[in-house]
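Working notes, structure below.
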Amino acid sequence: MDQLILLLPVVPLASAFLIVLAANTRTRVARVSITAASLTFLLTAVLLGLSLSGAPTQVFTPVGGAGAGSLIFDPLSSLMALVIAGISLIVHVYSVRYMAEEQGYARFFALLDLMTAALLVMVAAADLVTLLVAWHLIGVLLYFLLGQDTRSQSAYRYGFWTLITYRIGDLPLVLAAVLLYQAFGTWSLPGIFEAIARDPHIQTYFGLPLAEVVAALIALAAFARSAQFLLHTWLPYTMEGPTPVSALMHAGIVNAGGFLINRFAAIYVHTGGVLHWIFIVGLLTAVIGSVLMLTQNDVKKSLGYSTMGQMGFMIMECGVGAFSLAIYHLIAHGVFKGTLFLSAGTVIGEARQNDGVPKDDLYTFVVQRRPARSRQPWLLMAAITLAVPIVVLVLAHWLVAEDFFQKQGAVVLLFFGWVTGAQLLFSTYRMQSENPWRLIALIIFSFTVVVLGYTMISHVFDVFLYPDEHFRASIYAAAGIDLRWFDTLVGIVSAVIVVGWLRAYYAERNAGVKRPGPVWLNLYALFSREFYIVDLYSRLTRSLLSISQRLNVWLRWV
Amino acid sequence: MSNLTYLLVGFFLPLFPFSIGFNVLFTRVNHWPLRLALLLVWPQIGLALLARADVPPPHWILTWAMATALLYSLRLLAMRELGGWIAFLATAAWGLLWLLAQAPAAGGLSLHALWFSLPLVMLALLGASLERRFGGAYTGIYQGLAQGMPRFSAILVVTVLAAVATPPAPSFFSMLSAFLNATPMLMLGLAALWLLWTWAAARLLQGLIVGPGNCRSQADLKPSGAWVYTAALVALIALGAALPGGLA
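These protein sequence lines map, in sequence, to chains A and B.
Throughout the first sequence, residue numbering follows our numbering, covering -14 to 543 in sequence.
Throughout the second sequence, residue numbering follows our numbering, covering 14 to 261 in sequence.
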């Protein structure tokens, strides 16, 4: 039964070919494509069922194949395949009517099917050549999906940003694959993982440790695919493609970085410093993405930066060793971001008739930005804000793993939960409400439900994806730093959080109307210009084109 | 093999400035069957000469070949005439054959040369077809081919992608083989080169197929012609998959 995985890419591929060859009406195109997408989804559901029931990991190589083209059936591939097939099916169904009046209907569905096939091959690839082929193809197919309207120069211009960033990310993966092949003489992923487990300290060029170099290259590939800082500019600007493509991109394709790091977990477990860099890049991206999201006045760009922030958080989770949590995060993010994009049109349509926003406390606070006139004692609220989230978080984590305090990664993530919970409660302090204590109680209850759900589900993911307890502990250990340094950092960050929130409450209590100073204004200008990164890249591009032109003129175009 | 012989080979597996020879010849020849023959035969002559050497080419030649390939890849970005574009890409791609000749068993070299040449042959055919219709094959002049000539555009897109080593075209596997035979510095050169090819391909396609479509008066490729091109592309990909150049 688990050989069904070989059928996964075949069904959407067959659909794409059938559409090109035989489907001559829009109805037929839609029927063929939807049938294939449904069948693929059913197949993935069966495969995940098999995996959950304990079917062992297996590698399938096509008959007569010499290694390339092999697919792996394991918990990670079966779970990711279901997610991809699910999102793909939703996007297919949505597109049937959404694209009805667009040109190139058949081309769109054929490309969508090819993209589904490429994504499924990527998550199930059992050798480096297959992975590289799928990884490359995704960038190319996305370029043409984003440029569905062949009349639009701007769609292609921004699609090109995506293509070239993806290609920048493809190349480190090629280099990593080549180094691994040179070291072990095989393209097979399980073969490579076994070999590196036997000799984790093997060296590559210049006496550098192979595991660290390869892990760094794979991280670079993941950064480009998941729009990490400095490789992010394509994401907020590629909004000219059709909405279903935006949904597919933000819900599925952009998450590939998290998947890639998980696929190579067996290499990351033998590294140290690389995971720290991954954490720093993820953290920087999460912060910058969130800041840029808040400063944009274009809703679509704001959504793009929101995805960038989420991707930063996902990569950061990998950096602290919480690999399976990153998978859970990418699925959760995919579902809610896909919903946002696909429902955007309906919401805009309805808002034109009636904004539908209830004139209640939330409206006066969020939309009218009118804070409450009467408030609870600030010191009491500050104490609740600081104490309640941390108690809830610690209890939730303790429920799933009593020794979670031994895992540095879990403690780091605890801090993020703490700050988020505190932010939530701080909002209630500023909000108008007839019954503030009821509001606080409801918010604490919601927070507890979310934290419990998040902790439980992520624990289930952890056990499912990495059943070997020793391996799970090894990933956390690889991401760890010296204990004395860690304890010192925990102390400093805790103090900053406590003092910061106390100061925030005190300042809020005694706030007057202040004009922003020149520093804030300059900072705002910097944010609104998106750190001038796009301008910098544009200038670099123009310079290279100018050099190319001058060379051709000097050499008489031969 | 003497250095002089290497320099002679450098005319056929282009090393700058000897590469100018091929480029002048290709752009001056207006007879398209001759152009196709040049694309197919030129690198094979170089390989035949190279086969007489008992030892792999020295490192200085590899560095020279890589520099040549990078130079022509960079120049590809600003090239707007399809014939010149094909010649530059051929020059850059054939330079990589020096790297592939490094392998202990370089028996598949002719195949690698073919994998690089065949998509360019098809592109030259498409270019000839454009010249017949419009009097010239330049980007940015008659934008929007996709609107008026969808079949032709689809074939053009796939051919250009195959030419710049996009998987599953066999040239992709040749590129991988080149990486396997390269030193770290040459690997970085290869990575830069591949990036430039992608950029140049995107510029070429955007200049030809994207736009409002001012060429509706011109006839599209006939279905039978499109089938022939499709069959040729499928055969190319199938052959590449069957003979991946010693990767597996």
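In this text, a Cβ means the ideal position worked out from N, Cα and C, and glycines have one as well.
Predicted model only: the values in this text are computed from it and were never measured.
{"Query": "Tell me, to the nearest whole angstrom, how far the beta carbon of residue 76 (chain A) is from that of residue 232 (chain A); I am working on the premise that it is less than 8 Å.", "Result": "6 Å"}
{"Query": "To the nearest angstrom, how far is the alpha carbon of residue 244 (chain B) from that of residue 172 (chain B)?", "Result": "12 Å"}
{"Query": "On a CA-only basis, which of A:384, A:393, A:385 and A:368 is nearest residue 406 (chain A)? Give me that one, please.", "Result": "A:368"}
{"Query": "Since residue 157 (chain B) contacts residue 226 (chain B) with CB under 8 Å, what's their CB separation in whole angstroms?", "Result": "3 Å"}
{"Query": "So, is residue 549 (chain A) buried or exposed, given that buried needs 16 or more other C-beta atoms within 10 angstroms?", "Result": "Residue 549 (chain A) is absent from the structure shown; chain A starts at -14 and stops at 543."}
{"Query": "Quick one: Cα of residue 67 (chain A) to Cα of residue 252 (chain A), how far?", "Result": "25 Å"}
{"Query": "Quick one, which residues of the segment 197 to 209 of chain B are near chain A if we go by CB-CB under 8 Å, in chain order?", "Result": "197, 200, 204, 207 and 208"}
{"Query": "Entirely within the segment 196 to 255 of chain A and at least 4 residues each: give me those alpha helix (DSSP H) ranges in chain order.", "Result": "219 to 222, 228 to 236, 241 to 248 and 250 to 253"}
{"Query": "Using only CA atoms, which one of B:20, B:104, B:89 and B:17 lies nearest to residue 51 (chain B)?", "Result": "B:104"}
{"Query": "Mind reading off the beta-carbon distance from residue 319 (chain A) to residue 236 (chain A)? Whole number of angstroms is fine, and I expect it under 8 Å.", "Result": "4 Å"}
{"Query": "Label residue 20 (chain B) either buried or exposed according to how many other C-beta atoms from any shown protein chain fall within 10 Å of its C-beta, with 16 as the threshold for buried.", "Result": "exposed"}
{"Query": "Taking 8 Å as the CB-CB cut-off, is residue 192 (chain B) touching chain A?", "Result": "yes"}
{"Query": "Given that a residue counts as buried once 16 or more other Cβ atoms are within 10 Å of its Cβ, and exposed if not, what is residue 84 (chain A)?", "Result": "buried"}
{"Query": "Which same chain residues end up closer than 8 Å to residue 170 (chain B) when comparing Cβ atoms and leaving out the 5 residues on each side of it in sequence?", "Result": "218 and 222"}
{"Query": "Can the beta-carbon of residue 107 (chain A) be found closer than 8 Å to that of residue 119 (chain A)?", "Result": "yes"}
{"Query": "Closer than 8 Å, Cβ to any Cβ of chain A: which residues of the segment 33 to 63 of chain B, in chain order?", "Result": "33, 36, 37 and 40"}
{"Query": "Look up residue 173 (chain A) in the DSSP assignment and give the residues it is bridged to.", "Result": "A:112"}
{"Query": "Kindly provide the ranges of any alpha helix (DSSP H) runs that are 4 or more residues long and lie completely inside the segment 135 to 169 of chain B, ordered along the chain.", "Result": "158 to 161"}
{"Query": "Short of 8 Å in beta carbon distance, which residues of its chain neighbour residue 26 (chain B), apart from the five on each side in sequence? Order them along the chain.", "Result": "56, 59, 60, 63, 78, 107, 108, 110 and 111"}
{"Query": "I'd like to know whether the C-beta atoms of residue 460 (chain A) and residue 242 (chain A) end up nearer to each other than 8 Å.", "Result": "no"}
{"Query": "Under 8 Å, do residue 449 (chain A) and residue 254 (chain A) count as touching if we go by C-beta distance?", "Result": "no"}
{"Query": "Short of 8 Å Cβ to Cβ, which residues in the segment 122 to 138 of chain A face chain B?", "Result": "122, 125, 128, 129, 132, 135, 136, 137 and 138"}
{"Query": "In the segment 177 to 188 of chain B, which residues sit with their C-beta less than 7 Å from some C-beta in chain D, listed in chain order?", "Result": "Although the question refers to chain D, the structure presented lacks it and instead comprises the protein chains A and B."}
{"Query": "Give a yes or no on whether the C-beta atoms belonging to residue 74 (chain A) and residue 137 (chain A) are separated by under 8 Å.", "Result": "no"}
{"Query": "Can you check whether the CB of residue 148 (chain A) is closer than 8 Å to the CB of residue 211 (chain B)?", "Result": "yes"}
{"Query": "I'd like the list of long-range same chain contacts for residue 392 (chain A), defined as Cβ closer than 6 Å, with 5 residues on each side in sequence excluded.", "Result": "461"}
{"Query": "Would you list the one or two residues that DSSP bridges to residue 22 (chain B)?", "Result": "Answer by DSSP bridge pairing: none, since residue 22 (chain B) is not bridged."}
{"Query": "Need the endpoints of the alpha helix (DSSP H) that residue 56 (chain A) sits in, please.", "Result": "It is not in any alpha helix (DSSP H) - residue 56 (chain A) instead sits in the beta strand (DSSP E) that spans 56 to 58."}
{"Query": "From residue 490 (chain A) to residue 502 (chain A), what does the alpha carbon distance come to, in whole angstroms?", "Result": "21 Å"}
{"Query": "Over what stretch of residues does the alpha helix (DSSP H) that includes residue 338 (chain A) continue unbroken?", "Result": "308 to 338"}
{"Query": "Kindly give me the distance between the Cβ atoms of residue 63 (chain A) and residue 36 (chain A), rounded to whole angstroms, as I take these residues to be in contact under 8 Å.", "Result": "4 Å"}
{"Query": "Count Cβ pairs between the segment 204 to 224 of chain A and the segment 256 to 271 of chain A that sit closer than 8 Å; are there 3 or more?", "Result": "yes"}
{"Query": "Evaluate contact between the segment 94 to 104 of chain A and the segment 278 to 285 of chain A, counting only Cβ atoms and requiring at least three cross-stretch pairs below 8 Å.", "Result": "no"}
{"Query": "Taking only three categories from DSSP, how would you classify residue 31 (chain B)?", "Result": "coil"}
{"Query": "Buried or exposed for residue 521 (chain A), going by 16 or more other Cβ atoms inside 10 Å?", "Result": "exposed"}
{"Query": "Is there a Cβ of chain B sitting closer than 8 Å to that of residue 94 (chain A), yes or no?", "Result": "no"}
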